[in-house]
Every structure is written in structure tokens, then in C-alpha cells.
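Using our numbering, you'd call the opening residue of the sequence shown number 191 and step up by one each time. Glycine is no exception: its CB is placed at the ideal position from the N, C-alpha and C atoms. The structure displayed is predicted, hence computed values, not measured ones. What follows is one structure encoded as C-alpha cells, with my remarks underneath.
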Amino acid sequence: MYEVDITNAENVVFVNSIRARNLRGFCWLWLHLPAIIRSVKRHYGAYECIPALVSPVQIVMVSYWLSCRELGEYHQGSFHRRFMDFVKRYPAALGMYFESYAPGRSGKYINGEFGLAKNFRRKL
């Protein structure tokens, strides 16, 4: 088990969830989910993205960003705008939440580099 030195206080942990609330939302979620995950993983400001299936109608995704600036750039990008266009057009189709946290200290890691450990060195 190890911890990491958090040397950059600008890092952001972003937690979001999407829940299909009707058939239109369900179809949209499963048609677009792979592209959503890829778009986050490919963004230069995201160094880790962990999607999780909660149920057939809900996903939760935890992503780790270099700073709020990069997260904001993703939010303003064309892919995210297309996603929000669907939400504006069909507001009852999806339920969502978004939360962001500035990590104040390291987590604990066992057998691998996950989350913040992908961006910081192990404590000696």
C-alpha cells in the first residue's frame, strides 16, 4: 500500500452521473456512452477516467483533471455542446449530477496506479 505526494493543488476530481429517465434517454445513453468515455479519455487535460455501470439505466464516471481550466475547456468543447443540445431538446430524458473536488491529500493505493496516483509520485 502506498500514498502519493500531491504537488499540484490545481488537480480536480470530477464525479458525474447520467441516468436515463425514459426510453428516449435510455437509447441515447447507450448509443452515446462509448463516445462520451472516449472523448474524456482523449482530452489532454484528463489523465484518468473511470466509468462505472450502476444499473442498465445509470452510469457514474470519475475523471481526474490537471486543473479546472482543462475541465472547463472540455465543457466548452464541441462534443460536450452536442451532448447538452440533446439535454436542452429533451429535458425529461436524462437525470444528471456533476460534482468536483480539489484533493487535499492522497488516497491509498494497492497494486497499481489509479486516480491521482497516475499523475503524482509515490511518497518515499
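_Boundaries of the beta strand (DSSP E) in which residue 256 is found, first to last residue_ = Here residue 256 belongs to no beta strand (DSSP E), and DSSP marks it neither H nor E.
_Limits of the unbroken alpha helix (DSSP H) element including residue 229_ = Per DSSP, the unbroken alpha helix (DSSP H) holding residue 229 starts and ends at 213-232.
*Label residue 268 either buried or exposed according to how many other C-beta atoms from any shown protein chain fall within 10 Å of its C-beta, with 16 as the threshold for buried.*
Here residue 268 is exposed, its C-beta having fewer than 16 other C-beta atoms within 10 Å.
*Just the C-alpha distance for residue 239 and residue 207, rounded to the nearest angstrom, thanks.*
When the Cα atoms are used, residue 239 and residue 207 turn out to be separated by approximately 13 Å.
*Touch check for the segment 291-300 and the segment 227-239: three-plus C-beta pairs under 8 Å?*
In the pairwise beta carbon analysis, the segment 291-300 is classified as not touching the segment 227-239: fewer than three pairs are separated by under 8 Å.
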